[in-house]
Ligand SMILES: [Zn+2]
């Protein structure tokens, strides 16, 4: 039976690495997949000055996201039109235009409207630490959880459409074992793995213990790689994940991990399909 999947993230490229294989698999299996991006990632890197100027970066990244969405089979992309808040501790964190400073009701009403229009069966967003603690990732997690419940409450914003409760809410994250595997590979190849330290540090035991879905996306690693290549401003030749031989990287990218937050599953049970047993 055809299902609707809504992925809700903060920046162009958030959809590619941790969850892109799953979205591509759902689309390839005939389900409808739509994506929300809170910002256009205006504070991201520019891997090659020929690709964008700082002023154009948001526009360029919007096109990169549309390219990635096509590669993954995502049918529609919704922008919430906030600005990237930058990495934790940077000046942009205090800008009134930044997503972290957006009015909570305004953000949640935009999400509720999308949820009531698209009427997803499954909603996917970041885990509470946003993968590695990016302020926008944490903010989109919090707003999505809130909107998931508000969308189902007919007393709330009745003008935004008929109430809708999605059946499942998933959080996505990358487990410590992924980084351990990557570190082991890099060390074996004699590469400097020091860049991994800050990513590894952000992976919390709390998240690790909650993982209860491991999805095999080995048939969709190509689609995921094409999506990553669409994000050329972020995924340049210096990127950490480009330094490992493609074959090793494919192996590491072939499983994606989730924690089902609503409804909660019996503790200790492990599953492999986000859509199974509806
Ligand atoms: Zn991001």
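Numbering (this note's numbering), first residue to last: 710 to 987. Built from N, CA and C at the ideal position, the CB exists for glycine as well.
- Item | Residue list, Cβ distance to ligand 1 heavy atoms smaller than 6 Å | Those residues whose C-beta sits under 6 Å from the nearest heavy atom of ligand 1 are, from N- to C-terminal order along the chain, 719, 720, 723, 843 and 846.
- Message: Is the beta carbon of residue 714 closer than 7 Å to that of residue 742?
- Response: The Cβ atoms of residue 742 and residue 714 lie closer than 7 Å to each other.
- Item | residue 769 - DSSP class collapsed to helix/strand/coil | Looking at residue 769 - three-state DSSP - the assignment turns out to be helix.
- Query: Of all the beta strand (DSSP E) runs that stay within the bounds of the region 812-892, which reach a length of 3 or more residues?
  - Reply: Taken in chain order, the whole beta strand (DSSP E) runs of length 3 or more contained in the region 812-892 are 831-835 and 877-882.
- Item | DSSP three-state assignment for residue 713, whether helix, strand or coil | In the displayed model, residue 713 falls within a strand according to three-state DSSP.
- Sort 879, 918, 939 and 777 by Cα distance to residue 885 and report the nearest one. Ranking the options by Cα distance to residue 885, first place goes to 918.
- Taking 8 Å as the threshold, find out whether the region 789-796 comes into contact with the region 825-839 through three or more Cβ pairs. Output reads no: the region 825-839 does not touch the region 789-796.
- Message: If contact is defined by three or more beta carbon pairs under 8 Å, each pair taking one atom from either stretch, is the region 774-785 in contact with the region 930-942?
- Response: In short, these stretches touch, since the Cβ pair count reaches three.
- Would you decide whether residue 807 is buried or exposed? Buried here means 16 or more other CB atoms lie within 10 Å of its CB. Of the residues assessed, residue 807 falls on the buried side of the cut-off, its CB having 16 or more other CB atoms within 10 angstroms.
- Item | the region 759-776 contacting the region 950-965, beta-carbon criterion three pairs below 8 Å | At 8 Å Cβ cutoff, the stretches do not touch.
- On the DSSP bridge assignment, give the partners of residue 968 in chain order. BP columns for residue 968 point to 880.
- Per DSSP, which residues does residue 792 bridge with? Please list them. Looking at the DSSP output, residue 792 bridges to 807.
- Query: Just curious, the alpha helix (DSSP H) that residue 731 is in, first and last residue?
  - Reply: Residues 729-737.
- Three or more beta-carbon pairs under 8 Å between the region 950-959 and the region 894-901, yes or no? Enough Cβ pairs lie closer than 8 Å, so yes.
- Taking C-alpha atoms, which residue in 797, 730, 776 and 727 lies nearest to residue 752? It is 797 whose Cα lies nearest to the Cα of residue 752.
- Message: So the candidates are 945, 923 and 973; which of them puts its Cα closest to the Cα of residue 982?
- Response: 923 is the residue among 945, 923 and 973 whose C-alpha sits nearest the C-alpha of residue 982.
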